[in-house]
Amino acid sequence: MTRNKGKQLNWGVERRYEFIEFRLFWQGRINRGDLMDAFGVSTQQASLDLNAYIDQAKRNLVYDKSLRTYLRGKHFKPKYLKPDAEEYFAQLRAVDQGLVSAEQSWISVFPGFGATPTPVRGVAPETLRDVLAAIRVPAALQVTYQSMSRPEPNARWIEPHALAFDGFRWHARAFCQNDQVFKDFLLSRIVEVGDQGPVTSDSSSDGAWHTDVLLEIGPHPDLSDNQRRAIEMDYGMEAGHAQIVVRRALLFYALKRLGLDTDPAARRPRDQQIVLLNRDNVLGAS
Numbered sequence: 001m002t003r004n005k006g007k008q009l010n011w012g013v014e015r016r017y018e019f020i021e022f023r024l025f026w027q028g029r030i031n032r033g034d035l036m037d038a039f040g041v042s043t044q045q046a047s048l049d050l051n052a053y054i055d056q057a058k059r060n061l062v063y064d065k066s067l068r069t070y071l072r073g074k075h076f077k078p079k080y081l082k083p084d085a086e087e088y089f090a091q092l093r094a095v096d097q098g099l100v101s102a103e104q105s106w107i108s109v110f111p112g113f114g115a116t117p118t119p120v121r122g123v124a125p126e127t128l129r130d131v132l133a134a135i136r137v138p139a140a141l142q143v144t145y146q147s148m149s150r151p152e153p154n155a156r157w158i159e160p161h162a163l164a165f166d167g168f169r170w171h172a173r174a175f176c177q178n179d180q181v182f183k184d185f186l187l188s189r190i191v192e193v194g195d196q197g198p199v200t201s202d203s204s205s206d207g208a209w210h211t212d213v214l215l216e217i218g219p220h221p222d223l224s225d226n227q228r229r230a231i232e233m234d235y236g237m238e239a240g241h242a243q244i245v246v247r248r249a250l251l252f253y254a255l256k257r258l259g260l261d262t263d264p265a266a267r268r269p270r271d272q273q274i275v276l277l278n279r280d281n282v283l284g285a286s
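Right under this line is the structure:
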């Protein structure tokens, strides 16, 4: 976000200016009622906000008397908002998944949209609360955990220091006192949380968490020229490649989600679509 030069703005005012630009950029219009609905401000305050914004960005909006609303100007250039398609998509997903209501979103006119369903993960809020508390203190937690390798849940002491998301599930990144290594624990598999205890490790020594791995990806070489161009557009590639940075601790999940965890020759080029250009380096890091 670009801040206005000169006097520092109150955070609430700057947030409302950002909202004005969000509506102008994505929907092409803004009026007092939009500000009143989104922030609960009075008519007078909404008018003050719009007038103050106009004073510093006259070219960004014009008033349409017939529509009784402000429209995006032809020379619109945001001062407080950095337009981001991913942020817009995130708001759509949040509303679609019921994480926020339509009224809480900054989007007022929703396009028709849909998303593939995501399975509900059984993370108990009390479990997340206790893990977050252990991260803050920091502290060790006695947990009962259901692993894939044991038929029954077993007790262990873990020392959480971060949360990790693999694209589908949430994990606690923690030092396991039982195994004496840093590893991931699925929050949904924590059956019970018991006592807190002292930590025995330093989270800064979790090398896999604090080390980044660079993935260099490119279109599958056996695709046609047109197909390669399409894939380059999908992944925002320049000169036939793109770079993705991922924590080494999350490398397994990243490769799996991108379909890069198997030999690219095992699938048809149209299905594989992308390949790791620095595969030897990445596999060495893993």
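Quick note on full-length UniProt numbering: the sequence shown kicks off at 1 and runs consecutively. Glycine included, every Cβ here is placed at the ideal spot set by N, Cα and C. Values in this document were obtained by computation on a predicted structure and should not be read as measured data.
Residue i: which of the options sits nearest, CA to CA?
i           : options                        : result
HIS171      : VAL181, HIS220, GLU159, SER188 : SER188
SER105      : THR43, PRO119, ALA115, PHE89   : PHE89
ALA230      : LEU250, ASN31, LEU215, ILE274  : ILE274
LYS77       : ASP271, GLU159, ILE20          : ILE20
VAL245      : ALA254, ALA239, GLU238         : ALA254
residue 287 : PHE25, GLY33, ASP49, ARG32     : For the chain, the structure presents residues 1 to 286; residue 287 sits outside this window and is missing.
ALA38       : ALA134, ARG248, PRO198, SER108 : SER108
LEU128      : ASP96, HIS161, GLU103          : HIS161
LYS79       : GLU87, LYS65, LEU61            : LEU61
ASP166      : LEU250, GLN272, GLN44, MET36   : LEU250
LYS256      : ALA134, PRO153, LEU215         : LEU215
TRP157      : GLN196, GLY40, ALA164, PRO151  : GLN196
VAL213      : ARG267, ASP184, LEU276         : LEU276
GLN177      : ASP202, ASN281, ASP130, LEU186 : ASP202
ALA57       : VAL41, HIS75, ASP64            : HIS75
THR262      : ARG247, ARG248, LEU283         : LEU283
ALA134      : MET233, GLY259, PHE175, SER205 : PHE175
GLU86       : PRO138, ALA139, ARG136, GLY236 : GLY236
ALA140      : VAL193, ASP222, GLU103, ALA94  : VAL193
Which of the three DSSP states, helix, strand or coil, is assigned to residue i?
i           : result
LYS183      : strand
PHE110      : coil
ASN154      : strand
HIS241      : strand
ALA85       : helix
residue 288 : This structure cannot speak to residue 288, because the chain is shown only from 1 to 286.
GLY6        : The pLDDT assigned to GLY6 is 41, lower than 50, so where the model puts this residue is not dependable; a value taken from the coordinates is nonetheless given after this. Coil at GLY6, not helix or strand.
PRO78       : coil
PHE175      : strand
PRO119      : coil
PHE165      : strand
GLN97       : coil
PRO221      : coil
VAL246      : strand
MET1        : Low confidence applies here, because MET1 scores a pLDDT of 40, under 50, leaving its location unreliable; read the following figure in that light. The answer is coil: DSSP assigns MET1 none of H, G, I, E or B.
LEU214      : strand
ARG268      : coil
GLU14       : helix
Looking at the ligand FMN, does it come within less than 8 Å of residue i, judged from the CB to the closest heavy atom?
i      : result
ARG189 : Looking for the ligand FMN in the displayed structure turns up nothing, as the structure carries no ligands at all.
So residue i and residue j are supposed to be a Cβ contact under 8 Å. How far apart are they, rounded?
i      : j      : result
GLU159 : VAL123 : 19 Å between Cβ atoms; not a contact.
TYR53  : TYR17  : 6 Å
PHE252 : TRP209 : PHE252 to TRP209, Cβ: 13 Å. No contact.
VAL100 : PRO153 : VAL100 to PRO153, Cβ: 34 Å. No contact.
ARG72  : LEU132 : ARG72 to LEU132, Cβ: 41 Å. No contact.
Where do the N-terminal and C-terminal ends of the beta strand (DSSP E) with residue i fall, by residue?
i      : result
PHE39  : Looking at the DSSP string, PHE39 is not in any beta strand (DSSP E); the run it does join, the alpha helix (DSSP H), is 32-39.
TYR63  : 61-64
THR69  : 69-72
TYR145 : 140-145
GLU103 : Run containing GLU103: none; DSSP gives neither H nor E here.
VAL191 : 190-197
One question on the structure: do residue i and residue j come within less than 9 Å of each other, judged by their Cβ atoms?
i      : j      : result
ALA242 : GLY218 : yes
GLN146 : ALA155 : no
PRO119 : TRP26  : no
THR43  : ARG32  : yes
ALA285 : THR211 : yes
HIS220 : GLN272 : yes
LEU186 : ARG173 : no
GLY114 : ASP96  : yes
GLN227 : PRO269 : yes
LEU81  : PHE110 : no
For residue i, report the span of its alpha helix (DSSP H) as first-last.
i      : result
HIS210 : 207-210
VAL282 : 279-285
LEU276 : Not the alpha helix (DSSP H): LEU276 falls in the beta strand (DSSP E), residues 274-276.
LYS256 : 251-257
LEU128 : 125-136
SER261 : In the sequence under discussion, the amino acid at residue 261 is Asp, which differs from the Ser named in the question. Run containing ASP261: none; DSSP gives neither H nor E here.
TYR235 : Note, TYR235: premise wrong, no alpha helix (DSSP H); not H, not E.
ASP55  : 43-56
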